[in-house]
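Chemist:
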DNA sequence: TGCCACTGGATTGTGTCAATAGACAAAAGA
DNA sequence: TCTTTTGTCTATTGACACAATCCAGTGGCA
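Protein chains in written order, with the working numbering: chain A, 2 to 149; chain B, 2 to 149.
1. Pick out whichever of A:40, A:133, A:124 and A:86 has its Cα sitting closest to the Cα of residue 78 (chain A).
2. By Cβ distance below 6 Å, which residues in the same chain neighbour residue 84 (chain B) in space, the five residues on each side in sequence not counted?
3. Check each residue of the stretch 69 to 86 of chain A: if its Cβ is closer than 8 Å to any Cβ of chain B, include it; give the result in chain order.
4. Any beta-carbon of chain B closer than 7 Å to the one on residue 103 (chain A)?
5. Note down, in chain order, each residue of its chain lying with its Cβ closer than 7 Å to the Cβ of residue 90 (chain B), except the 5 sequence neighbours on either side.
6. What does DSSP give as the partner residue(s) for residue 67 (chain B) in the beta ladder?
7. So which residues on chain B does residue 131 (chain A) lean against when the C-beta distance must stay under 7 Å?
8. Rounded to whole angstroms, what is the Cα-Cα separation between residue 127 (chain A) and residue 33 (chain B)?
9. Per the DSSP calculation, residue 128 (chain A) is bridged to which residue(s)?
10. Pick out whichever of B:88, B:138, B:48 and B:23 has its Cα sitting closest to the Cα of residue 156 (chain B).
11. Is the stretch 103 to 123 of chain B touching the stretch 91 to 101 of chain A in the sense that three or more CB pairs, one from each, lie closer than 8 Å?
12. Alpha carbon to alpha carbon, how far is residue 129 (chain B) from residue 92 (chain B)?
13. For residue 18 (chain B), does the three-state DSSP call read helix, strand or coil?
14. Check for me: the alpha helix (DSSP H) holding residue 46 (chain A) runs from which residue to which?
15. Show which residues of chain A have a CB atom less than 8 Å away from the CB atom of residue 117 (chain B).
16. Assuming contact is defined by CB atoms lying nearer than 7 Å, are residue 140 (chain A) and residue 105 (chain B) in contact in what I supplied?
17. Would DSSP call residue 113 (chain B) helix, strand or coil?
18. Which of helix, strand or coil does DSSP assign to residue 123 (chain A)?
19. Keeping to the same chain, check which residues put their C-beta closer than 6 Å to that of residue 19 (chain A); ignore five residues upstream and five downstream.
20. Check whether the Cβ atoms of residue 6 (chain B) and residue 37 (chain B) sit closer than 7 Å, and answer yes or no.
21. Listed in chain order, which residues of the stretch 30 to 47 of chain A have Cβ atoms closer than 9 Å to some Cβ of chain B?
22. Start and end of the alpha helix (DSSP H) containing residue 107 (chain B)?
23. Closer than 9 Å by beta-carbon distance: list the chain B residues that pair up with residue 159 (chain A), in chain order.
24. Between which residues of its own chain and residue 149 (chain A) is the CB-CB distance below 6 Å, once the five residues before and five after are set aside?
25. Would you say residue 57 (chain B) faces chain A, with C-beta separation under 7 Å as the test?
26. If you draw a straight line from the C-alpha of residue 70 (chain A) to the C-alpha of residue 135 (chain A), how long is it?
27. Rounded to whole angstroms, what's the CA-CA distance from residue 42 (chain A) to residue 31 (chain A)? Just pull it up for me.
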């Protein structure tokens, strides 16, 4: 399934903030942008959506920045992607409604709703904490392979 | 999750052919196009993809047309959508690979691969027979509601 | 006051998708 | 063999969404 750039950037940014959650500091867009190698201007839009979705809180002005609104264990990937990726669960367009409504209904009930349900239940069972742990695993693996 | 017009049309067409499977006849694009109210010219492209994917067989010329390649019980929605919807499981682009490869890996393993797996296992458990039955259910429901 | 950082809107380029069109190939029947 | 029917293939168009950038504005801190 295709995840847009906004979705991927938003998720990466959220993970990055979760890694620093313990410090309690507010983090600037620039620092995340440099850490991840993403355009700062583009990231601004993403954070704007993250804020609107209640994933992060913000403080303006000098020494300002963003902070996760809740503990990383209480933020699921579904939360993040829903905030940033508008097309995740958009209502499917009608296909053959007028001539064959029974086929339209069958596709919706047995296929489209099923897919959305499967995706949703998958995403709401992964938290930012899980991802931080997973990233840590890959970090050590990569150092290990590097030094051999 | 967004399913493109090609995917929806392909699935509707496949269901429609499954309804006529017992007759053993070859069915023309025009008859499906009229049955479903879809542009014939556009449906041609869809059937071309269905054939390439081994979902249907074809006979050219007069009295020609298309036929399901296997029994509807042996054709899954995954088969149909994979044939028609090219972007279903396309490799996700890299996001933060160079600066933060461990985050990239974590997202891939814990999120993207998980989603694709969930979608895949959902779709491969729905057959065209199931959809024909479901459509029949909706048909009777609608007549029922109509005559009350 | 002056800088810093978030806020929001406007814009542009690019690419993909939906849809149409038309030329061509093969099979059946008169 | 000629005509009709139906599938096959490729090119083209228009619309729209997405990725990315820019900039003017606002609020807070020192």
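Where a beta carbon is used, it is the ideal one built from N, C-alpha and C, also for glycine.
In this text, all values refer to a predicted model and were calculated from it rather than measured experimentally.
Modeler: Reading it off the structure:
1. If you number the first chain from 1, residue 78 (chain A) lands on position 77. Considering only A:40, A:133, A:124 and A:86, the residue with the shortest C-alpha distance to residue 78 (chain A) is A:124.
2. Taking the second chain and counting its residues from 1, one reaches residue 84 (chain B) at position 83. Sequence-distant Cβ neighbours of residue 84 (chain B) in its own chain, meaning closer than 6 Å and more than five residues away, are 50, 51, 54 and 56.
3. Answer in chain order: 78.
4. Counting from one through the first chain, the residue named residue 103 (chain A) turns up at place 102. Yes - at least one Cβ of chain B is within 7 Å of the one on residue 103 (chain A).
5. The residue you call residue 90 (chain B) lines up with position 89 of the second chain. Contacts found: 117.
6. Here residue 67 (chain B) corresponds to residue number 66 of the second chain, with the count starting at 1. Answer by DSSP bridge pairing, in chain order: B:28 and B:59.
7. The residue given as residue 131 (chain A) occupies position 130 in the first chain. 111, listed in chain order.
8. Position 126 of the first chain, counted from the start, is the residue given in the question as residue 127 (chain A). Position 32 of the second chain, counted from the start, is the residue given in the question as residue 33 (chain B). When rounded, the distance between both Cα atoms is 43 Å.
9. The residue you call residue 128 (chain A) lines up with position 127 of the first chain. Per DSSP, A:77.
10. Shown here, chain B extends from 2 to 149; a query on residue 156 (chain B) therefore has no answer.
11. Taking 8 Å as the limit for Cβ pairs, the verdict is that the stretch 103 to 123 of chain B does not touch the stretch 91 to 101 of chain A.
12. Counting from 1 along the second chain, the entry for residue 129 (chain B) is found at position 128. Counting from 1 along the second chain, the entry for residue 92 (chain B) is found at position 91. In a straight line, the C-alpha of residue 129 (chain B) is about 27 Å away from that of residue 92 (chain B).
13. Position 17 of the second chain holds residue 18 (chain B). Residue 18 (chain B) falls in the helix class under three-state DSSP.
14. Numbered from its first residue, the first chain carries residue 46 (chain A) at position 45. Note, residue 46 (chain A): alpha helix (DSSP H), 41 to 53.
15. The sequence position of residue 117 (chain B) within the second chain is 116, counting from 1. Correct list: 2.
16. Counting from 1 along the first chain, the entry for residue 140 (chain A) is found at position 139. Counting from 1 along the second chain, the entry for residue 105 (chain B) is found at position 104. No, Cβ-Cβ distance for residue 140 (chain A) and residue 105 (chain B) is not below 7 Å.
17. Within the second chain, numbered from 1, the residue matching residue 113 (chain B) stands at position 112. Here residue 113 (chain B) sits in helix by DSSP.
18. Position 122 of the first chain, counting from 1, holds the residue named residue 123 (chain A). Correct three-state label for residue 123 (chain A): helix.
19. Taking the first chain and counting its residues from 1, one reaches residue 19 (chain A) at position 18. Taking residue 19 (chain A) as the centre and dropping the five residues before and after it, the same chain places the C-beta of 73, 129 and 133 closer than 6 Å to its C-beta, in chain order.
20. Translated into positions along the second chain, residue 6 (chain B) becomes position 5. Translated into positions along the second chain, residue 37 (chain B) becomes position 36. Residue 6 (chain B) places its beta carbon 7 Å or farther from that of residue 37 (chain B).
21. Near chain B, meaning a CB-to-CB distance below 9 Å, the residues of the stretch 30 to 47 of chain A are 35, 36, 37, 38 and 39.
22. Sequence index remark: in the second chain, residue 107 (chain B) carries index 106 (1-based). Here the alpha helix (DSSP H) through residue 107 (chain B) covers 102 to 108.
23. With chain A represented from 2 up to 149, any question about residue 159 (chain A) goes unanswered, as that position is not in the structure.
24. Walking along the first chain from the start, residue 149 (chain A) turns up at place 148. Any answer about residue 149 (chain A) is weak, because its pLDDT of 49 lies below 50 and its placement is not dependable; what the coordinates show is given next. Closer than 6 Å at the Cβ level, and outside the excluded window around residue 149 (chain A), lies no residue.
25. Taking the first residue of the second chain as 1, we reach residue 57 (chain B) at position 56. For residue 57 (chain B), the answer is no, since every Cβ of chain A falls outside 7 Å of its Cβ.
26. Walking along the first chain from the start, residue 70 (chain A) turns up at place 69. Walking along the first chain from the start, residue 135 (chain A) turns up at place 134. Residue 70 (chain A) and residue 135 (chain A) have their alpha carbons spaced roughly 22 Å apart.
27. For the purposes of this step, residue 42 (chain A) is taken as residue 41 along the first chain, with counting starting at 1. For the purposes of this step, residue 31 (chain A) is taken as residue 30 along the first chain, with counting starting at 1. Roughly 9 Å between the two C-alpha positions.
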